[in-house]
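Notes to accompany the following structure.
There are 2 protein chains.
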Amino acid sequence: METMSDETQDWLKSEDSRDYFELLRFPTVGADPAHLRDCVQAATWLRKWLKGIGAEAELVLPKQSLSDASGTAKQTPVPVVFGEIRRFEGAHTALVYGHYDVQPEDPVSEWETPPFEPTVKDDRVYCRGAQDDKGQFFAFLCGVRELCASSELRINLKFVLEGQEESGSGSLFRLLEDREFRRRIAADVLLVSDTGAAGGLRPAIVAGLRGVCHFTVKLTGANRDLHSGEYGGVAPNAAQGMAELLASLHNPDGSIAVAGFADGLVPPTDDELAKAEESAPTVAECRDDIGCEPVGGERGKSIAQRRSFQPTIEINGIHSGYGGPGSKTVIPCEAIGKLSIRLVPGQNPRRAFEAVKAHLSERCPQGMELAFPEDSGLSAAVRLPLASPIFRLAEDVLAEMDSRGPVFVWDGASIPVVSALREATCAAPLLVGWGQPENRIHSPNESYSIRQFLLAKDWAKRIISALPQ
Amino acid sequence: METMSDETQDWLKSEDSRDYFELLRFPTVGADPAHLRDCVQAATWLRKWLKGIGAEAELVLPKQSLSDASGTAKQTPVPVVFGEIRRFEGAHTALVYGHYDVQPEDPVSEWETPPFEPTVKDDRVYCRGAQDDKGQFFAFLCGVRELCASSELRINLKFVLEGQEESGSGSLFRLLEDREFRRRIAADVLLVSDTGAAGGLRPAIVAGLRGVCHFTVKLTGANRDLHSGEYGGVAPNAAQGMAELLASLHNPDGSIAVAGFADGLVPPTDDELAKAEESAPTVAECRDDIGCEPVGGERGKSIAQRRSFQPTIEINGIHSGYGGPGSKTVIPCEAIGKLSIRLVPGQNPRRAFEAVKAHLSERCPQGMELAFPEDSGLSAAVRLPLASPIFRLAEDVLAEMDSRGPVFVWDGASIPVVSALREATCAAPLLVGWGQPENRIHSPNESYSIRQFLLAKDWAKRIISALPQ
Chain D
0 METMSDETQD WLKSEDSRDY FELLRFPTVG ADPAHLRDCV QAATWLRKWL KGIGAEAELV
60 LPKQSLSDAS GTAKQTPVPV VFGEIRRFEG AHTALVYGHY DVQPEDPVSE WETPPFEPTV
120 KDDRVYCRGA QDDKGQFFAF LCGVRELCAS SELRINLKFV LEGQEESGSG SLFRLLEDRE
180 FRRRIAADVL LVSDTGAAGG LRPAIVAGLR GVCHFTVKLT GANRDLHSGE YGGVAPNAAQ
240 GMAELLASLH NPDGSIAVAG FADGLVPPTD DELAKAEESA PTVAECRDDI GCEPVGGERG
300 KSIAQRRSFQ PTIEINGIHS GYGGPGSKTV IPCEAIGKLS IRLVPGQNPR RAFEAVKAHL
360 SERCPQGMEL AFPEDSGLSA AVRLPLASPI FRLAEDVLAE MDSRGPVFVW DGASIPVVSA
420 LREATCAAPL LVGWGQPENR IHSPNESYSI RQFLLAKDWA KRIISALPQ
Chain R
0 METMSDETQD WLKSEDSRDY FELLRFPTVG ADPAHLRDCV QAATWLRKWL KGIGAEAELV
60 LPKQSLSDAS GTAKQTPVPV VFGEIRRFEG AHTALVYGHY DVQPEDPVSE WETPPFEPTV
120 KDDRVYCRGA QDDKGQFFAF LCGVRELCAS SELRINLKFV LEGQEESGSG SLFRLLEDRE
180 FRRRIAADVL LVSDTGAAGG LRPAIVAGLR GVCHFTVKLT GANRDLHSGE YGGVAPNAAQ
240 GMAELLASLH NPDGSIAVAG FADGLVPPTD DELAKAEESA PTVAECRDDI GCEPVGGERG
300 KSIAQRRSFQ PTIEINGIHS GYGGPGSKTV IPCEAIGKLS IRLVPGQNPR RAFEAVKAHL
360 SERCPQGMEL AFPEDSGLSA AVRLPLASPI FRLAEDVLAE MDSRGPVFVW DGASIPVVSA
420 LREATCAAPL LVGWGQPENR IHSPNESYSI RQFLLAKDWA KRIISALPQ
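For the protein sequence lines, the chains are D and R, in the order given.
The letter at position 118 of the first sequence is residue 117 when you use numbering that gives the first Met the number 0, and the numbering goes up by one with no holes.
The letter at position 162 of the second sequence is residue 161 when you use numbering that gives the first Met the number 0, and the numbering goes up by one with no holes.
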């Protein structure tokens, strides 16, 4: 018999959970053009929801640009939901950012519940997007709804909810090129709910994020897959070539072997490193979480160093030749590599990406051709000053919520729009979220606990109430 | 407007083409259990066909063995068609071997015609199996049919047509363990139509075949695919680990880096090497055929050396992580490699395979687990003495068919059952076939020309008539 806490039972009767479940059911895989319709439906639903709490709201799309006209645009634009609650002329304005797109649900066979049907079990909601980022930003919006319904809201609010965060924020980046759009989203504070809390749900303030660029590498050999007997020892093998290329990216000690990649890297200050070590998981905690030794990255560096202050080159996928049952003895003529790089402050994103491309191009195996048919564009790392006023304010609010007070973290992940929104709006970013490793974001069986949802909602009410008028 | 030669037009009206097309339409992918039913239907069709030309024929399957009972058998047995035409007590007997299974048809999107619907274009038949091996052995059987219908057949014939050649000949190998089955297939000559002719359809006699073993390598890291930002630099990456493992199999000069793999290798005699060089394609011919530089195998060795007298380790496939549109920034927790090794005389197949496994196991990346969940079993290489009487006879017959006379080839491919059938029957193997590189066997758009079909049929009639009574 399933046990369910009183808290969960109450929450399940609320309009918060009803609306949240509706939002989760849209399979908003923003990276996949086949899901564009679902994204538009989710955006339309969010617009209606924002209007319901008293905001003006609309769907916005970037204007057709010259590059579109010439056919070079790569991504189908997914609408951004823009909303605004403007009650107090001249008062401070907070911009709330979230993303309603989610990661692809595959491998579907590993889900224990349907990936797009929210299922409550053990006081948590299982669904793709339950946490990342529908759960996190929608719980925050539920807090906003309560403030709006009361008389406690004393500042202005703006909302930017995008649908392509997981695939490079294409629409939003193009909107940010538009001066009029930048004017509309101008704000004093940028509130982002897309990050994690520390262990045991201790509050965490993000003081840094890695930058990111993801791209596709394609290697082509013969004009067709060839018989591995007739042509073995004669034709070059694209699968082997790709293995050699990708293996060359790292040294045996796990460090990155790409010349020029880490040029300019700014190491953390002693204070930053000490605070990061404090909030980092131990080796044993990592092992329990991931089910194997946490031996990624460069040997001899701590987990905090490797995750927060070191760049990475990760292979997100390799595909070449046969992979079905039994065997097919071919020499594959083509191989695809899906890669991502994570960047830290000081690295020039363009130069780092070019260094990886040059490294691979120089090593292109004889007889084969190398191409980079797709990339996400570039986002730089962010590192925020520990002494800023907004951090002081957030520390106080979080200490009220949790007597342990917050930790500061330098997140290994990336929210490419954060640095772009910060530049475009001149707002001070404040990233506080309630994610936990057991939420398994980007993996099958993603979940978000009712506890996390309620914390995110409470945080929204408290921080918005605490912000200066 | 499509041109069609008179030869093709006549052939299209024949019972040969009608029957051949029926056989081609069975999607007999023997490696895939989902196609077992199609294989059984094709075998049943062949049994009926053999009975139609006056043979006794039946489907045979290996007996349930002890290992089946204990659940360790790996492959679903696919029936072997056994047939016999026994007209002359005490006369010589030729055993005709062929295989009715075919390679998987993927990638389906690259086929210009339906993969299992024979389509005639430019005097050739396009279909999976059009050549390998349905076209080659069935054209031979059509020659047998004509001999049977006339009074020219003066020897006894046996037929073994199997359905698992492309995936290790499981059923036939197990049948060969059975003394009664070995007695039934005893013969003086083993006639195999599953090899190629030289350039310009010059006849070729196979004097050697490489051995083969194919197997699957599986590397496992974390307990799930992980977010490449949160865990990048922390968790080991199975895609990267697999790339490093597979890259380690070769040296930068293309030679094999696995210690012990080539132990015992017997190099060709001067006569063999000279004859092999004579029939090998030039670099320019290879380049035209495969569409890129033929730079596979070890630098500094000729194409004939690399293809005929050197072993290989080929990657037939790698699959790990995301491969769809856009991106998914994961650290894959699992990677699959599909590999095959080709062996030459002197190599002990078991020891060569164990050397590869040991090489990979020793290099298993830290934090990950390596497994070999599937293998095909082992087949040794074959090298036949150039001075044998059956080769003299075949040379004469082929010189009558083509004034250029035959070349001798040491084929880079493998027909694992040839050495097994040779041992089981004590028959002298004679491998003459009419394949050409443009037939694209194992690739999309496989074809066999009407010319090739008619040559294979003519060869059947002539060699069977020439064999001693």
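Ideal placement from N, C-alpha and C gives every residue a C-beta, glycine not left out.
1. Could you pull out every residue in the same chain whose Cβ sits closer than 8 Å to the Cβ of Ser166(D), ignoring the five residues on either side in sequence?
2. So what's Ala246(D) in DSSP terms, helix, strand or just coil?
3. Counting contacts by CB-CB distance shorter than 7 Å, is Cys291(R) in contact with chain D?
4. With DSSP as the reference, label Ile52(D) as helix, strand or coil.
5. For Gly70(R), count neighbouring Cβ atoms within 10 angstroms of its own Cβ and tell me buried if that reaches 16, exposed if not.
6. Tell me the residue span of the alpha helix (DSSP H) that contains His358(R).
7. Taking contact to mean 3 or more Cβ pairs, one atom from each stretch, closer than 8 Å, check whether the stretch 413-421 of chain D and the stretch 204-212 of chain D are in contact.
8. Can you give me the C-alpha to C-alpha distance between Gly336(R) and Ser464(D), rounded to a whole angstrom?
9. Starting from the beta carbon of Arg209(R), find every residue of chain D whose beta carbon is closer than 7 Å, and list them in chain order.
10. If you run the structure through DSSP and keep just helix, strand and coil, what is Tyr230(R)?
11. Could you pull the start and end residues of the beta strand (DSSP E) that Gly290(R) belongs to?
12. What are the residues that DSSP puts in a beta bridge with Ser375(D)?
13. Leaving out the 5 sequence neighbours to the left and right, which residues in its chain are closer than 7 Å to Ala68(D) when beta-carbon positions are compared?
14. Taking 7 Å as the CB-CB limit, is Leu22(R) close to chain D?
15. Quick one, are the C-beta atoms of Ile154(D) and Val431(D) less than 7 Å apart?
16. Report yes if the C-beta distance between Ala237(D) and Cys363(D) is below 7 Å; otherwise report no.
17. What are the partner residues of Leu94(D), as DSSP defines its beta bridges?
18. Taking Cβ-Cβ distances shorter than 8 Å, what residues in chain R pair up with Met367(D)?
19. List the whole-angstrom C-beta distance separating Gln135(R) from Asp193(R), where the pair is believed to meet the contact cut-off of C-beta under 8 Å.
20. Just curious, the beta strand (DSSP E) that Ala334(R) is in, first and last residue?
21. If we cut at 7 Å on Cβ distances, does Val329(D) have a partner in chain R?
22. Using a Cβ-Cβ cut-off of 8 Å (strictly less than) and excluding sequence neighbours within five positions of Val406(R), which residues of its own chain qualify?
23. List the residues that DSSP assigns as beta-bridge partners of Lys217(D).
24. Count the other C-beta atoms from every protein chain shown that fall within 10 angstroms of the C-beta of Phe87(R), then say buried if there are 16 or more, exposed otherwise.
25. Does the beta carbon of Val282(D) sit closer than 7 Å to a beta carbon anywhere in chain R?
26. Taking Cβ-Cβ distances shorter than 9 Å, what residues in chain D pair up with Tyr321(R)?
27. How many Å lie between Lys47(R) and Glu151(R) at the Cα?
28. Taking just the CA atoms, how far does Gly232(R) sit from Pro76(D)?
29. Should Cys425(R) be labelled buried (16 or more other beta-carbon atoms within 10 Å of its own) or exposed?
30. Where in the stretch 388-412 of chain R do unbroken runs of the beta strand (DSSP E), each at least 3 residues long, occur, reported from the N-terminal end onward?
31. From what residue to what residue does the alpha helix (DSSP H) around Arg123(R) run?
32. Would you say Ala30(R) reaches chain D, if we count a Cβ-Cβ gap shorter than 7 Å as a contact?
33. Helix, strand or coil: how does DSSP classify Gly240(D) here?
34. Anyone know if the C-beta pair for Gly345(R) and Leu264(R) falls short of 7 Å?
35. Measure from the C-beta of Val294(R) to each C-beta in chain D and report whether the shortest distance is under 7 Å.
36. In this structure, does DSSP put Ala206(D) in helix, strand or coil?
In short:
1. Walking along the first sequence from the start, residue 166(D) turns up at place 167. Taking C-beta separations shorter than 8 Å and ignoring five residues to either side along the sequence, the partners of Ser166(D) in its chain run Gly29, Ala30, Gln74, Asp100 and Ser375, following chain order.
2. Working through the first sequence from its first residue, we reach residue 246(D) at position 247. If DSSP states are grouped into helix, strand and coil, Ala246(D) belongs with the helices.
3. As a first step, residue 291(R) is located in the second sequence; it is residue number 292 there, counting from the start. So, interface residue.
4. What you label residue 52(D) is simply residue 53 of the first sequence in a count that begins at 1. In this structure, Ile52(D) counts as coil in the three-state DSSP scheme.
5. The residue you call residue 70(R) lines up with position 71 of the second sequence. With a pLDDT of 38 at Gly70(R), under the threshold of 50, the modelled position of this residue cannot be trusted; read the value that follows with caution. Exposed, since its Cβ has fewer than 16 Cβ neighbours within 10 Å.
6. As a first step, residue 358(R) must be located in the second sequence, where it is residue number 359. Here the alpha helix (DSSP H) through His358(R) covers Pro348 to Glu361.
7. Taking a contact to require three or more Cβ pairs closer than 8 Å, the stretch 413-421 of chain D and the stretch 204-212 of chain D qualify as touching.
8. Sequence index remark: in the second sequence, residue 336(R) carries index 337 (1-based). Sequence index remark: in the first sequence, residue 464(D) carries index 465 (1-based). Their backbone Cα atoms lie some 56 Å apart in a straight line.
9. Numbered from 1 along the second sequence, position 210 holds the residue referred to as residue 209(R). Chain-order list of chain D residues neighbouring Arg209(R): Gly228, by C-beta distance under 7 Å.
10. For the purposes of this step, residue 230(R) is identified with residue 231 of the second sequence, where counting begins at 1. Tyr230(R) falls in the coil class under three-state DSSP.
11. Start at 1 with the first residue of the second sequence, and residue 290(R) comes out as number 291. Neither: Gly290(R) is in no beta strand (DSSP E) and is coded neither H nor E.
12. The sequence position of residue 375(D) within the first sequence is 376, counting from 1. For Ser375(D), which the question treats as bridged, DSSP gives no partner whatsoever.
13. Sequence index remark: in the first sequence, residue 68(D) carries index 69 (1-based). Interpretation of Ala68(D) is limited by its pLDDT of 42, a score under 50 that renders its predicted location unreliable; the figure taken from the coordinates is listed afterwards. The answer is none, since no qualifying residue turns up.
14. Position 23 of the second sequence holds residue 22(R). By this cut-off, Leu22(R) is not an interface position.
15. Here residue 154(D) is taken as the residue at index 155 of the first sequence, counted from 1. Here residue 431(D) is taken as the residue at index 432 of the first sequence, counted from 1. No, these two residues do not count as a Cβ contact at 7 Å.
16. Reading the first sequence from its first residue, position 238 is the one you call residue 237(D). Reading the first sequence from its first residue, position 364 is the one you call residue 363(D). The Cβ atoms of Ala237(D) and Cys363(D) do not sit closer than 7 Å to each other.
17. Within the first sequence, the letter at position 95 stands for residue 94(D). In DSSP, Leu94(D) forms a bridge with Lys157(D) and Leu189(D).
18. Sequence index remark: in the first sequence, residue 367(D) carries index 368 (1-based). Near Met367(D) (Cβ distances below 8 Å), the residues of chain R are Cys291.
19. For the purposes of this step, residue 135(R) is taken as the residue at position 136 of the second sequence. For the purposes of this step, residue 193(R) is taken as the residue at position 194 of the second sequence. About 6 Å separates the two Cβ atoms, so the contact holds.
20. Start at 1 with the first residue of the second sequence, and residue 334(R) comes out as number 335. Counting along the chain, the beta strand (DSSP E) containing Ala334(R) begins and ends at Glu333 to Leu342.
21. If you number the first sequence from 1, residue 329(D) lands on position 330. So, interface residue.
22. In the second sequence, counting from the first residue as 1, residue 406(R) sits at position 407. Excluding residues within five positions, the ones whose Cβ falls inside 8 Å are Ala197, Arg201, Pro202, Ala203, Ile204, Lys274, Glu277 and Ser278.
23. For this step, residue 217(D) is matched to residue 218 along the first sequence. According to the DSSP secondary-structure assignment, Lys217(D) is paired through a beta bridge with Ile335(D) and Ala370(D).
24. Mapped onto the second sequence, residue 87(R) falls at position 88. By the neighbour-count rule (16 or more Cβ atoms within 10 Å), Phe87(R) is not buried but exposed.
25. One-based indexing of the first sequence puts residue 282(D) at position 283. No - not a single Cβ of chain R is within 7 Å of the one on Val282(D).
26. In the second sequence, counting from the first residue as 1, residue 321(R) sits at position 322. Those are Pro103, Asp105, Asn315, Gly316, His318 and Lys337, listed as they occur along chain D.
27. As a first step, residue 47(R) must be located in the second sequence, where it is residue number 48. As a first step, residue 151(R) must be located in the second sequence, where it is residue number 152. Distance between the alpha carbons of Lys47(R) and Glu151(R): 23 Å.
28. Here residue 76(D) corresponds to residue number 77 of the first sequence, with the count starting at 1. Here residue 232(R) corresponds to residue number 233 of the second sequence, with the count starting at 1. Going from the Cα of Pro76(D) to the Cα of Gly232(R) covers about 32 Å.
29. On the second sequence, position 426 is the one that residue 425(R) refers to. When all chains shown are included, Cys425(R) counts as exposed.
30. 406-410
31. Here the question's residue 123(R) lines up with position 124 in the second sequence. Element bounds for Arg123(R): not the alpha helix (DSSP H) but the beta strand (DSSP E), Arg123 to Tyr125.
32. One-based indexing of the second sequence puts residue 30(R) at position 31. Yes, contact with chain D.
33. Residue mapping note: residue 240(D) aligns to position 241 of the first sequence, counting from 1. In this structure, Gly240(D) counts as helix in the three-state DSSP scheme.
34. Reading the second sequence from its first residue, position 346 is the one you call residue 345(R). Reading the second sequence from its first residue, position 265 is the one you call residue 264(R). For Gly345(R) and Leu264(R), yes; Cβs fall inside 7 Å.
35. Residue 294(R) sits at position 295 when you count from the first residue of the second sequence. It does: the Cβ of Val294(R) has a partner Cβ on chain D nearer than 7 Å.
36. On the first sequence, position 207 is the one that residue 206(D) refers to. Under the three-state reduction of DSSP, Ala206(D) is assigned to strand.
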